[in-house]
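Residue numbers (UniProt numbering): 1 to 119.
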């Protein structure tokens, strides 16, 4: 369910004994994106955070159990502008050229979004 006073949040109930997935779609207005100096566009970083709460005896979800988050980067892609695929390819090629020691400084890419614990 959504809360009109919290436009950037959504609540849902899930069964922790079963595998759970959440599919998130991010909508941005075009003014969120700034052109780069040498062409192309800079992605806009957003943070996704999942907070897990336990139901209290009163039926409210106020007992905080766990928080996890990740950063995503959103790019503006249009039919005329296919620079995102080119950027991803270039970034992948640059990463392949780095030494194993240099690669340790970067978070690996995943097919799905991996959340890390918020401390």
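Just so you know, even glycine gets a beta-carbon here, dropped at the ideal spot from N, CA and C.
Keep in mind it's a predicted model, so treat the numbers as computed, not measured.
Going by C-alpha positions, residue 75 is about 21 Å away from residue 22.
In this structure, residue 115 sits near residue 50, with a CB-CB distance shorter than 7 Å. Rounded to whole angstroms, the Cβ separation of residue 26 and residue 46 is 6 Å, and the two are in contact under 8 Å.
In the DSSP assignment, the residues bridged to residue 69 are 49 and 116.
For residue 100, the uninterrupted alpha helix (DSSP H) segment begins and ends at 100-103.
Take the alpha-carbon of residue 3 and the one of residue 95: they are about 41 Å apart. DSSP, reduced to helix, strand and coil, places residue 88 within a helical segment of the structure shown. Per DSSP, reduced to three states, the secondary structure at residue 54 is strand. The alpha-carbon of residue 58 is positioned some 52 Å away from that of residue 101. Excluding residues up to 5 positions away in sequence, 43, 44, 45 and 46 lie with their Cβ nearer than 8 Å to the Cβ of residue 73 in the same chain.
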